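Notes for the one structure printed next.
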């Protein structure tokens, strides 16, 4: 006389198939669900889930896991390389910024010294205008450097814009000076304050 199989609910069969597809052995499925291994085997085979298919599924899952790990490491390496480049660019840009500020400060001192000469020679006036041109160019270059560094290098743009504004204003005044005024030593001492401008900025 044949032995009758206990009828499983759809939920039980779904659990068997789900656990089997995850690679859980049939014996373990039987223990966890409280049914016989033969019942588990019958359900698995009845739905066409063979051992070969399970092995294939496990191989694919392992392969996908390895690919995921590899891609994750590649992403981390890529992100690190990107940040290294950003840090290097920030360091180089900050060096250029400090060099630009130093050169502008030096030009300011030269211009102030020439303004105080009495009388200003033709050579001095020519040198003064050349310095003023370089001076303006440096402030423009400085502004471009700062634009690229305002976030990366942590530069306070409010202070820098104020600094460049003062420099540009001074250059504009230099360009408007006529020959007679350049021959007269300025009576005020505002230029002395300008010498310290760069120190306050830094």
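In my numbering, the protein residues as written are -9 to 192.
Think of the CB as a built atom: it goes at the ideal place given N, C-alpha and C, for glycine as much as any other residue.
Owing to the predicted nature of the structure, the values given are computational and were not obtained by experimental measurement.
Does DSSP put residue i in a helix, in a strand, or in coil?
i: residue 36; result: helix
i: residue 54; result: helix
i: residue 179; result: Because the pLDDT of residue 179 is 47, which lies under 50, any placement of that residue in the model is unreliable, and the number read from its coordinates should be weighed accordingly. Correct three-state label for residue 179: coil.
i: residue 7; result: helix
i: residue 13; result: coil
i: residue -1; result: coil
i: residue 68; result: helix
i: residue 25; result: coil
Rounded to whole angstroms, what is the Cα-Cα separation between residue i and residue j?
i: residue 5; j: residue 49; result: 22 Å
i: residue 12; j: residue 52; result: 12 Å
i: residue 35; j: residue -2; result: 15 Å
i: residue 20; j: residue 8; result: 13 Å
i: residue 89; j: residue 75; result: 21 Å
i: residue 60; j: residue 67; result: 11 Å
i: residue 22; j: residue 14; result: 11 Å
i: residue 54; j: residue 63; result: 14 Å
i: residue 194; j: residue 1; result: Examination of residue 194 is not possible in this model, given that the chain is present from -9 through 192 alone.
Taking the beta carbon of residue i as the centre, do at least 16 other beta carbons fall within 10 Å, making it buried, or is it exposed?
i: residue 18; result: exposed
i: residue 29; result: buried
i: residue 10; result: buried
Looking only at C-alpha atoms, which of the options sits nearest to residue i?
i: residue 26; options: 37, 8 and 3; result: 3
i: residue 32; options: 16, 89, 58 and 67; result: 16
Are there any heavy atoms of the ligand SAH lying less than 7 Å away from the beta-carbon of residue i, as far as the coordinates show?
i: residue 16; result: Of ligands this structure carries none, so the ligand SAH is not represented either.
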